[in-house]
Amino acid sequence: MSARFGAVVAAALFAGSLTFVASAGMAADLVSGLKPAAPQPSAADLKPGLAVTYYFNEFNDTREILDWAKYKDGVKGEPILILDYFVGDGDVLTSGRADEVGADIRGYINFPSAGTYTIAMRSNDGVDLKIGGVRVVHDPDVHSDRFSELTPVEIKTPGWYPLHLLYFEKRVTSTVELYWLKPGGSGQLDFVPEEAFAHIPGEVPQN
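Residue numbers (our numbering): 16 to 222.
Below is the structure:
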């Protein structure tokens, strides 16, 4: 965890929920300015999950994925229905590969109400998450399993927001999980559920 918290955080995963125990004053900076999709995508156009393009190479930072994509074509994967992957040495996401995988993940996330959401990720290796054109989680390099900062995110308008996640696994083990705590909640973060993710086939949402 970042020293910005000013506290030691214990995290335990139970039945798909993440409970953080921390001293008072644990807080990251509020993230604001997220832009909803305009116009909002129609229900008829949306398909479940997030679209993903894979790049197979030894990456050490999420920035390298987009650099590699300038010269190598990616491979389209099956949509990612929910970001709840904690798979050890198995296949990375829907890639069919266990090592040296970069993923460019795009689509939409739905915030059902206005207010402040708390967002966090658990990853192994790097992640770089933008929502509505604003970076929300940035833990971009090689590392073993760890949790990101708890980030409060201001949502002024409910609805669908463009999501762009860069993720890579270098070798041996992979983890990528996305959690939130909805406005008014306390104490416990849950996986962002399947119904909150969608994509339009063939479209690259603008961030």
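Yeah, the Cβ is synthetic: ideal placement off N, Cα and C, and Gly gets one too.
Predicted, not measured: the structure shown is a model, and the values here were computed from it.
In this structure, V152 is the residue among F162, V152, I124, A52 with its C-alpha nearest to the C-alpha of T77.
DSSP places A118 within a strand segment (E or B) once states are collapsed to three. For A66, the secondary structure class from DSSP, reduced to helix, strand or coil, is strand. For I80, the uninterrupted alpha helix (DSSP H) segment begins and ends at 78-84. In the three-state scheme derived from DSSP, where H, G and I count as helix and E and B as strand, E184 is classed as strand. The Cβ neighbour count for R186, taken over all protein chains shown within 10 Å, is under 16; the residue is labelled exposed. For K91, DSSP records a beta bridge to T68. With 16 or more neighbouring CB atoms inside 10 Å of its own CB, S138 falls in the buried class. Counting C-beta pairs with one atom in each stretch, the stretch 86-97 and the stretch 50-60 have fewer than three that are closer than 8 Å, which means they do not touch. Note: G103 is bridge-paired with S189 in the DSSP secondary-structure output. Listed in chain order, the non-local C-beta contacts of Y182 below 6 Å within the same chain comprise A118, V142, V191, local neighbours out to five positions each way being set aside. Per the coordinates, the alpha-carbon of G64 lies some 24 Å from the alpha-carbon of G130.
Counting other Cβ atoms within 10 Å of its Cβ, H214 reaches 16 or more and is therefore classed as buried. For Q203, the enclosing beta strand (DSSP E) covers residues 203-206. Under a 10 Å Cβ-count criterion, D154 is classified as buried, with 16 or more other Cβ atoms of the shown protein chains found around its own Cβ. I124 is positioned such that its CB atom lies closer than 8 Å to that of F212. For V46, the closest C-alpha among the options T109, I134, S201 is that of I134.
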